[in-house]
Amino acid sequence: MSRTTPDALPDIHVPWYLTVLRVFAWVLYVWVIVGIVALTLRVFLILFGANPEAGFAAFVLRVSQPYMQPFRDIFPPRPVGDTGYFDVSAMFAIIIYGLLAGLVAAGIAAIGRAVMRSERRQRDELARRVLAERAGSDAATGAAGTTAPPAEVQAPPPQAWPPTS
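Count the sequence shown with my numbering and you get residues 885 to 1049, in order.
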């Protein structure tokens, strides 16, 4: 058997399904956070009566549209002042997407723990194999008496202070 050197150590591989789950969870998390930001901007723009045809307001309303779709008309908007409205449905959507973001973040943490467990198991198995290999090769060469165990190193005896000459 050949000895395993650090250069010859096999790579530790994360199972493919954990990698796919991790990527999917992060993409979903980013999507949810973008939605929360877009919906929050939407609420403030509508609340303060922003012109929906202005460039930035039109962009925010367009980006927040798909996030708002499942929650549209759940609650009627409440008029605020002369031109503004409080979009209660958008606030409800922000709360629901916030809860979803928390669940996705918990899923990301769980996937991370699963990846760490997988890597730890692989490292432990590798360490067991290396130790077994070394024990086998040491037993084979130990009979020939290749080296003696190192002698115990002893500290010098304490000296009196201050030294006398």
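Just so it is clear, CB atoms sit at the ideal spot from N, CA and C, and this is done for glycine as well.
- Counting other Cβ atoms within 10 Å of its Cβ, F932 stays below 16 and is therefore classed as exposed.
- The stretch 955 to 970 and the stretch 994 to 1006 do not touch, with fewer than 3 CB-CB distances between them shorter than 8 Å.
- L902 is positioned such that its CB atom lies closer than 8 Å to that of I995.
- The beta-bridge partner set that DSSP reports for P963 consists of Y969.
- In the structure shown, V918 adopts helical secondary structure according to DSSP, grouped into three states.
- DSSP places G939 inside the alpha helix (DSSP H), whose first and last residues are G939 to M952.
- Inclusion of D971 and R926 in the CB contact set at 8 Å is warranted, their separation being smaller than that value.
- Counting only the Cα atoms, A934 lies some 21 Å from Q953.
- By the beta-carbon neighbour count (other beta carbons within 10 angstroms, threshold 16), A977 is buried.
- When DSSP states are grouped into helix, strand and coil, R956 belongs to the coil group.
- In the displayed model, A934 falls within coil according to three-state DSSP, outside both helix and strand.
- For I978, the secondary structure class from DSSP, reduced to helix, strand or coil, is helix.
- Annotated as proximal: V999 and V898, with beta-carbon spacing under 8 Å.
- A check of alpha carbon separations from I920 across F940, E1009, A985 and I930 identifies A985 as the nearest.
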